[in-house]
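Residue numbers 490 to 713, in my numbering, belong to the letters of the sequence shown in order.
From the three backbone atoms N, C-alpha and C, an ideal C-beta is built for every residue, glycine too.
These figures come from a predicted structure and were not determined experimentally.
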Amino acid sequence: MVSASAAGRVPVLHYVFDPLCGWCWGAAPLLQATAAQLPGLSLVLHGGGLFAGAARRPITPELRAYVQPHDRRIQALSGQPFGSGYTDGLLREPDALLDSEPPITAVLAASELGGAHVGLALLERVQRAHYVEGQRIAEPAVLLGLAREQGLDGAAFEAAYARLSGAATQAHLRESRALMQAGGVQGFPSLLLQAPDGRLLRLDHSRYYGDPQAWVQNLAQVLA
């Protein structure tokens, strides 16, 4: 499903992400460079829900053993850090819960308050809180603190977060999945460029990990 307001005017970059996807953390510099260097490109954020609903889970020794080799590969390819607060802290806290819904709701709230670039900035801060600092980003109080760090008004953020929690976020996740199906993409992150006539073009970002400037140059060529 593609937003009617986004279609038919200018090219739109649809970014399908999950805050708890390590490869999305690896791709964060690509999105930051896009926002900074191609400000005329419309950006729409779509949370995917990797660990949402029935997929929520605690951090078990088995999960830790599974993610650590992937994290090392992501760091080697992208240069994105995985800090000791995460590797030696959060990943060893069995009562910590992986739940994608609260941070996705936070990104939706930030986007509603300040636009997609504000939402993207909060997403990066939330990812850093998780992967570097080892904070529990499934906790609303943590998300509120991060939003305030980004300069968002706390009361306005709390109100937007409350309104967008639950059914609204779950509907958003279903729409994200529909968009992925329409664009023929699987997994996170996924990037789709929507032409003014509504056509969706899959973008291959995988070879640009660690080289955001080359990614932006390639994207500019595609836009041209």
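Check	Outcome
Interface flag, L539 vs chain D, CB-CB below 8 Å	This model lacks chain D altogether, as it is built from one protein chain only.
Proximity to V702 [Cα-Cα], best of W512, L509 and L520	For the sequence presented, residue 702 should be read as Gln rather than Val. Measuring from the Cα of Q702, the nearest candidate turns out to be L520.
G515, enclosing beta strand (DSSP E) - first and last residue	Counting along the chain, G515 falls outside any beta strand (DSSP E), though it belongs to the alpha helix (DSSP H) covering G511 to Q526.
R545 beta carbon less than 8 Å from that of L587	yes
Between the CA atoms of H661 and S600 - distance to the nearest angstrom	13 Å
Pair within 8 Å by beta-carbon distance, L611 and A585	no
Per-residue DSSP class, three states only, for F506	strand
Same chain, Cβ closer than 8 Å to V615, neighbours up to 5 away in sequence not counted	P508, P592, A595, V596, I626, L632 and L635
Y555 to D686 span [Cα, whole Å]	42 Å
Secondary structure of R617, DSSP reduced to three states	helix
Nearest-angstrom beta carbon gap, V705 and Q526 [assumed within contact, 8 Å]	5 Å
Supposed close pair D560, G511 - CB separation, criterion 8 Å	5 Å
Per-residue DSSP class, three states only, for S695	helix
Rounded straight-line distance, which links the Cα of R581 to that of L680	32 Å
With 16 other Cβ atoms within 10 Å as the buried cut-off, status of L534	buried
Exposure of V499, with buried meaning 16 or more beta-carbon neighbours within 10 Å	exposed
Extent of the continuous beta strand (DSSP E) run through Q683	S679 to Q683
Collapsed DSSP secondary structure at R546 in the structure displayed	strand
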